[in-house]
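Going by the working numbering, the first residue of the sequence shown is number 750, and it counts up by one from there.
Each remark here refers to the structure printed beneath this line.
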Amino acid sequence: MKVNIGIDDWTDTQLALAYAAAGSTSFKLFISFDFAASSGFSDYSNQIVPRLNLYASNAAQLQWGMVLWYLPLLEIYGFDWSAVRSAVGHPLEIIPFYQAAQAHQDSTDGLFMWNAWPSQDNQPIDQTMSIAGDQYYQSQLSGSPYMAGVSPWFFTHYNIPPALVKNCLYLSDTFLIDRWNEILNLQSQLVELITWNDFGESHYIGPLHPERPSVYAPNGSSDGAIQWAAGFPHDAWRKIITPYIAAYKNGGPVTISPSEESIVYWYRPHPKGLSCADPFLGPPTGQSFPADGIWAATLLASPATLTMTSGTFSLTTTAPAGINYFATGMGSGQPTFELVRNGVTITQGTGGLSIDLNSCDIYNFNAFVGSTS
């Protein structure tokens, strides 16, 4: 797992706790120096090198290709990593994100593309994601490692001036499955899941922590991500991710065992065109991009019949084996889902969030994710 850090006064305490926790299991970590969050990392001799030397031989440190591997996350390019490499007493595999792929240089070992959502010049666009950007990065690397990003969603609605004002969403309706299918075709050397717990941009797949509001809101304020993350679990997306990881590692198709059969569903709490009584911000950039729908992914060992309903909308269709997704319209109330095979119900369930077509407190374009079993 990547541990993305800045130079906050609590960084080293939390970093030590993360490595200690990982050390009690078989989990492995690597450090990402977030230059976007802190320009202080340009002082590499005091901010980067000591941390690399401290954790390089830690039992919980990830090793890849027989060398220690660190991923700096850079919103800039042109940083000369050769000085860091020579100052650290351990071998390093340096795979940064550069906005310009041609910035790859001898001081790095590969590249990562953080832009894992449909975008142009870091702005949302009304298009589906393609692998064109991945292929361009690969073309600049001449066989050096390339790490692609996979993410399920992106929505943020911060208004904490002057430092933190972000209000946008990227087209994410069916992005998780579409992107994984692209990755299986791309077969990059590495893949990063973005992210485990970034509640502020709604692409978390880890568990929520409602007992810790500071996780969602900067400085414990009430106008942070707690508005759109609390009560919106994403855990069920891991049911989709797990068989895709297996297929990526094995180089084969996605397969589902009978014991894993289920429905994973996701939807938003209100229609995209609804005017909300939002005390913080207006509608986000990209508001018109998503569909007003309910999505259900079927994970099946063999075909079955899916029925999904949302208010007055309903869909009944044959779902093939493997992972496939379907959609119906966004209706009022809680949607329902059912899988039937040979006249027998395999699994069924009701969505845990009620859709309101008429009113909303904030512009919340986060996804509520659940599953049947």
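Ideal Cβ positions, reconstructed from N, Cα and C, are used throughout, including at glycine.
According to DSSP, what are the bridge partners of residue i?
{"i": "G1119", "result": "Y1014"}
{"i": "M750", "result": "DSSP lists no partner for M750."}
{"i": "I1104", "result": "G1082"}
{"i": "E730", "result": "Since the first residue of the chain shown is 750 and the last is 1122, residue 730 is not available in this structure."}
{"i": "H958", "result": "Its beta-bridge partners do not exist; DSSP assigns none."}
{"i": "C917", "result": "T905, T1034"}
{"i": "N1073", "result": "T1047"}
{"i": "P873", "result": "S868"}
{"i": "G898", "result": "E941"}
{"i": "A1068", "result": "A1053"}
{"i": "S1063", "result": "T1058"}
{"i": "L890", "result": "In DSSP, L890 forms no bridge with anything."}
{"i": "L935", "result": "L935 is not bridged to any residue."}
With burial defined as no fewer than 16 other Cβ atoms inside 10 Å of the residue's Cβ, what is the status of residue i: buried or exposed?
{"i": "N1113", "result": "buried"}
{"i": "N871", "result": "exposed"}
{"i": "W945", "result": "exposed"}
{"i": "A770", "result": "exposed"}
{"i": "V833", "result": "buried"}
{"i": "L1088", "result": "buried"}
{"i": "F776", "result": "exposed"}
{"i": "S791", "result": "exposed"}
{"i": "A808", "result": "exposed"}
{"i": "S831", "result": "exposed"}
{"i": "T1065", "result": "exposed"}
{"i": "D858", "result": "buried"}
{"i": "P956", "result": "exposed"}
{"i": "P959", "result": "exposed"}
{"i": "K998", "result": "exposed"}
{"i": "N1107", "result": "exposed"}
{"i": "V1093", "result": "exposed"}
{"i": "S921", "result": "buried"}
{"i": "L801", "result": "buried"}
{"i": "A1116", "result": "buried"}
{"i": "V899", "result": "buried"}
{"i": "S937", "result": "buried"}
{"i": "A1053", "result": "buried"}
{"i": "W929", "result": "buried"}
{"i": "G1001", "result": "exposed"}
{"i": "Q976", "result": "buried"}
Flag residue i as yes when its Cβ comes closer than 6 angstroms to any non-hydrogen atom of the ligand GDP, and as no otherwise.
{"i": "I932", "result": "With respect to the ligand GDP, the structure shown offers nothing to examine, as it has no ligands at all."}
Determine, using beta carbons only, whether residue i and residue j come nearer to each other than 7 angstroms.
{"i": "L1048", "j": "E1009", "result": "yes"}
{"i": "Y907", "j": "P873", "result": "no"}
{"i": "I1072", "j": "V1003", "result": "yes"}
{"i": "G798", "j": "V837", "result": "The sequence given here places Val at residue 798; Gly does not occur at that position. Their beta carbons are under 7 angstroms apart, which means V798 touches V837 by this criterion."}
{"i": "E950", "j": "F981", "result": "no"}
{"i": "A897", "j": "I932", "result": "yes"}
{"i": "D1027", "j": "I954", "result": "no"}
{"i": "P867", "j": "M878", "result": "yes"}
{"i": "I843", "j": "G789", "result": "no"}
{"i": "G1042", "j": "G1060", "result": "no"}
{"i": "Y885", "j": "L860", "result": "no"}
{"i": "L935", "j": "I994", "result": "no"}
{"i": "N916", "j": "P1039", "result": "no"}
{"i": "A850", "j": "Q889", "result": "yes"}
{"i": "P1007", "j": "A1050", "result": "yes"}
{"i": "T923", "j": "Y1016", "result": "no"}
{"i": "F948", "j": "A985", "result": "no"}
{"i": "H839", "j": "A805", "result": "yes"}
Roughly how far, in whole angstroms, is the beta-carbon of residue i from the beta-carbon of residue j, given that I think they are within contact range, below 8 angstroms?
{"i": "P901", "j": "H1019", "result": "That belief does not hold up - the Cβ atoms of P901 and H1019 are roughly 20 angstroms apart, past 8 angstroms."}
{"i": "L883", "j": "M862", "result": "In the sequence as displayed, the identity of residue 883 is Asp instead of Leu. With 8 angstroms as the limit, D883 and M862 qualify as a contact, their Cβ atoms being about 6 angstroms apart."}
{"i": "I1012", "j": "T1096", "result": "6 angstroms"}
{"i": "I1067", "j": "G1098", "result": "According to the sequence displayed, residue 1067 carries Thr and not Ile. Contact flag wrong, Cβ pair sits at about 19 angstroms."}
{"i": "A978", "j": "Y1014", "result": "A978 to Y1014, Cβ: 18 angstroms. No contact."}
{"i": "Q810", "j": "F779", "result": "7 angstroms"}
{"i": "L1030", "j": "C1109", "result": "13 angstroms between Cβ atoms; not a contact."}
{"i": "F1062", "j": "T1077", "result": "5 angstroms"}
{"i": "I943", "j": "A865", "result": "5 angstroms"}
Legend entry - Length-filtered (3 minimum) beta strand (DSSP E) runs lying within the region 982-1054: 1011-1016, 1042-1049
Legend entry - Minimum length 3: unbroken beta strand (DSSP E) runs contained in the region 750-783: 751-754, 779-782
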